[in-house]
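Protein chains in written order, with numbering that gives the first Met the number 0: chain V, 0 to 93; chain C, 0 to 399.
Notes to accompany the following structure.
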Amino acid sequence: MAEIRRYEVEGAVLELTLRYDERTKMFLEEYPDLMEHPVYTPEGERVMLTIEDACAYGEAADGTRCIDCGSCVHYRQAPDSLVGVCGHASHRRA
Amino acid sequence: MEYLTVRETAEKWSLSPRMVQQFCMQGRIPGARKLGKFWTIPADAEKPRDPRILRKRDEEPASAAVMLDHTNLMPLMNTAFKPGRCLAAVEAMPAGTKRDIATAEYHYFSGKPAAAAKEAEPYLTSQDMGARLSACLIYAYANLSVGEIRRAQFALGELNAALTAAGQQSKQFQAASAFVAAAGAVLLHLPLPEGMPADTLDFLPMLPTGLRAFALYVQAHYLYLKGEYGPSAGIVEGVLTMGGADYPIPAIYLHLVAVMDYMCLKQTEQAKVHLLSAWEIARPDDLIEGFGEHHGLLGGMLESIIKAEWPEDFKRIIDITYRFSYGWRRVHNPVTGHNVADDLTTTEFTASMLAARGWTNQEIADHMHISLNTVKRYISTALEKLHISHRQELKQFMLL
Numbered sequence: 000m001a002e003i004r005r006y007e008v009e010g011a012v013l014e015l016t017l018r019y020d021e022r023t024k025m026f027l028e029e030y031p032d033l034m035e036h037p038v039y040t041p042e043g044e045r046v047m048l049t050i051e052d053a054c055a056y057g058e059a060a061d062g063t064r065c066i067d068c069g070s071c072v073h074y075r076q077a078p079d080s081l082v083g084v085c086g087h088a089s090h091r092r093a
Numbered sequence: 000m001e002y003l004t005v006r007e008t009a010e011k012w013s014l015s016p017r018m019v020q021q022f023c024m025q026g027r028i029p030g031a032r033k034l035g036k037f038w039t040i041p042a043d044a045e046k047p048r049d050p051r052i053l054r055k056r057d058e059e060p061a062s063a064a065v066m067l068d069h070t071n072l073m074p075l076m077n078t079a080f081k082p083g084r085c086l087a088a089v090e091a092m093p094a095g096t097k098r099d100i101a102t103a104e105y106h107y108f109s110g111k112p113a114a115a116a117k118e119a120e121p122y123l124t125s126q127d128m129g130a131r132l133s134a135c136l137i138y139a140y141a142n143l144s145v146g147e148i149r150r151a152q153f154a155l156g157e158l159n160a161a162l163t164a165a166g167q168q169s170k171q172f173q174a175a176s177a178f179v180a181a182a183g184a185v186l187l188h189l190p191l192p193e194g195m196p197a198d199t200l201d202f203l204p205m206l207p208t209g210l211r212a213f214a215l216y217v218q219a220h221y222l223y224l225k226g227e228y229g230p231s232a233g234i235v236e237g238v239l240t241m242g243g244a245d246y247p248i249p250a251i252y253l254h255l256v257a258v259m260d261y262m263c264l265k266q267t268e269q270a271k272v273h274l275l276s277a278w279e280i281a282r283p284d285d286l287i288e289g290f291g292e293h294h295g296l297l298g299g300m301l302e303s304i305i306k307a308e309w310p311e312d313f314k315r316i317i318d319i320t321y322r323f324s325y326g327w328r329r330v331h332n333p334v335t336g337h338n339v340a341d342d343l344t345t346t347e348f349t350a351s352m353l354a355a356r357g358w359t360n361q362e363i364a365d366h367m368h369i370s371l372n373t374v375k376r377y378i379s380t381a382l383e384k385l386h387i388s389h390r391q392e393l394k395q396f397m398l399l
């Protein structure tokens, strides 16, 4: 049976499958396709992967365009994980 | 082969057993092996030279021991031949030292380091300085690739000792020593050894054309490491235009450093042209070693171009990459031999390297001909393995 790690990100629950990596002798998380299958917090904000390419609204702290969600001012990354929540209004659940 | 103990060797060489033991531990006696707690030394091993004596020789007038002509200095590197005629070029050389060194070069550059090390070994203490310097350079890299790090370090030490000894010798000897010492250091990303001429113009004109082309590749690689991609690419284009392209081994390496430069400048079409040029020269003679050595710096070009069309060659290149990077990290981290970036597969490393340079996932996917989700999986896996949580942190683990 596959190992599962459960994350609660601002009220949204994600269950990630763990894959054992022989090279590093560690369990690695398999992230779901959050673009194809969006997940939202109870507040209606969208859960995103930190390394997702920046969208048209992406903005770095210095006001320039950012490269990914992880460097965007609208993104709140969950501790010890590669997922977080996008706070931009345009990505809220309709 | 007959072997002696440390004590027997010490008596034979009129040295203390402690000194012989030190030579063994420093890897200065080719063929010496440790069995349990004891060293065994080939009975015919030559007594290593003492670097203090080498320095003393500087003060003596030039002798036969330090005379040099370029005949036996990396002869294959300095030979112009048509692609597919490499072995024929070697076989056309007169039997003896020159052909032996060229054969070792051929085996090294075609991914057969064990054979190359064996062929170079008899010339490590040759009186012919061209042959000796060549043997040390080949022996260093070949042993790095087969995991014999002590031997590789011994040979690199010999190159630096030769550079020190060259101080008062002929200009040609100084040029040859500077050339091999720079090649030994820059390509392994080590600091330049003491005694290097401050300006490459001091020694470049003293080298024959093929070696000069390779020395300029070393110079271009050095500029690349300093982040001067434009000037580095400029050197390559200039050397290839002015005759360097006629010498296949330097030409392959020059094209490869151009790929590195243009990938950093995000000029992928230019990079592709140079990669294909290098491949056209290398493939007919199977001269693939350079591709494996440079894999991490080529920015996914091998995955993008070679993998699909020449999958078997690609696998061999990746094998070279793994064994070369093992030796590389042992030189840089001699105690643990560990570098966390080595926990990544070559594909994870490539995607992460591009991400660290500011490429988007979509750009990486397009370049490597893989899906967007696959790119995201590679990069997220790399972040997890490296215990970091942001793309920007990748830089500290990559060769940028």
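Virtual Cβ for every residue (Gly too), placed ideally from N, Cα, C.
If you're wondering where the values come from, they're calculated on a predicted model, not measured in any experiment.
Would you say the region 91-111 of chain C touches the region 295-304 of chain C, given that touching needs at least three Cβ pairs under 8 angstroms? Contact fails: fewer than three Cβ-Cβ distances are below 8 angstroms.
Short CB-CB distance (under 7 angstroms) between C:Asp342 and chain V: By this cut-off, C:Asp342 is an interface position.
Counting only the same chain and skipping the five closest in sequence on each side, list residues whose C-beta sits under 6 angstroms from that of C:Leu215. Cβ contact annotation for C:Leu215 (same chain, cutoff 6 angstroms, sequence separation greater than five): Ile234 and Val238, in chain order.
Looking only at its own chain, which residues have a Cβ that is under 7 angstroms from the Cβ of C:Val89, when we skip the five neighbours before and after it? Only Leu75, Arg98, Ala101, Thr102 and Tyr105 meet the Cβ criterion.
Strictly under 7 angstroms for the Cβ-Cβ distance: is V:Glu14 near chain C by that measure? Among the residues facing chain C, V:Glu14 is not included, as its CB has no counterpart in that chain under 7 angstroms away.
Please tell me whether C:Gly243 and C:Ala232 are closer than 7 angstroms, where the distance is taken between their beta carbons. C:Ala232 is positioned such that its CB atom lies no closer than 7 angstroms to that of C:Gly243.
Taking 8 angstroms as the threshold, find out whether the region 148-166 of chain C comes into contact with the region 129-138 of chain C through three or more Cβ pairs. Flag = yes, the region 148-166 of chain C and the region 129-138 of chain C touch.
Residues near V:Glu14 in its chain [Cβ-Cβ closer than 7 angstroms; skip 5 each side]: Excluding five sequence positions before and after V:Glu14, the CB atoms of its chain that fall closer than 7 angstroms to its own CB belong to Ile3 and Arg5, given in chain order.
I think C:Gln361 touches V:Ser70, with their Cβ atoms under 8 angstroms apart; what is that distance to the nearest whole Å? Not really, about 16 angstroms apart at Cβ, beyond 8 angstroms.
If we cut at 7 angstroms on Cβ distances, does C:Arg54 have a partner in chain V? Low per-residue confidence applies at C:Arg54: pLDDT is 43, beneath 50, and the placement is therefore not dependable, though the value from the model is reported in the following sentence. C:Arg54 has a beta carbon lying at 7 angstroms or more from every beta carbon in chain V.
For C:Ile280 and C:His254, I'd like the C-alpha separation in whole angstroms. Near 10 angstroms, if we compare the C-alpha coordinates of C:His254 and C:Ile280.
Mind pulling the chain C residues with CB within less than 9 angstroms of V:Asp32? Think of a sphere of 9 angstroms around the beta carbon of V:Asp32: the chain C residues whose beta carbon falls inside it are Asn372 and Lys375, in chain order.
How far does the beta strand (DSSP E) with V:Asp20 in it reach, from first residue to last? Annotation: the continuous beta strand (DSSP E) that includes V:Asp20 extends over Ala11 to Asp20.
Verify the CB distance criterion: does V:Ile50 have a CB-CB separation below 7 angstroms to chain C? Answer yes: the Cβ-Cβ gap between V:Ile50 and chain C drops below 7 angstroms somewhere.
Smallest Cα separation from V:Met25: which of C:Ile369, C:Leu343, C:Phe348 and C:Arg356? Looking only at C:Ile369, C:Leu343, C:Phe348 and C:Arg356, the smallest Cα-Cα distance to V:Met25 is reached by C:Leu343.
Supposed contact pair C:Leu224 and C:His188 - C-beta distance, whole angstroms, cut 8 angstroms: Rounded to the nearest angstrom, the Cβ distance from C:His188 to C:Leu224 is 6 angstroms, consistent with a contact under 8 angstroms.
Which two residues bound the contiguous alpha helix (DSSP H) that contains C:Val272? From DSSP, the alpha helix (DSSP H) with C:Val272 extends over Thr267 to Ala281.
Helix, strand or coil at V:Cys85 according to DSSP, with G and I counted as helix: Reduced to three states, the DSSP call for V:Cys85 is strand.
Extract the residue ranges of the alpha helix (DSSP H) inside the region 8-34 of chain C, only unbroken runs of 4 or more that lie entirely within it. Fully enclosed alpha helix (DSSP H) runs of 4 or longer: 16-24.
Assigned exposure category for C:Leu200 - 16 Cβ within 10 Å defines buried: The residue is exposed, with fewer than 16 neighbouring Cβ atoms inside 10 Å.
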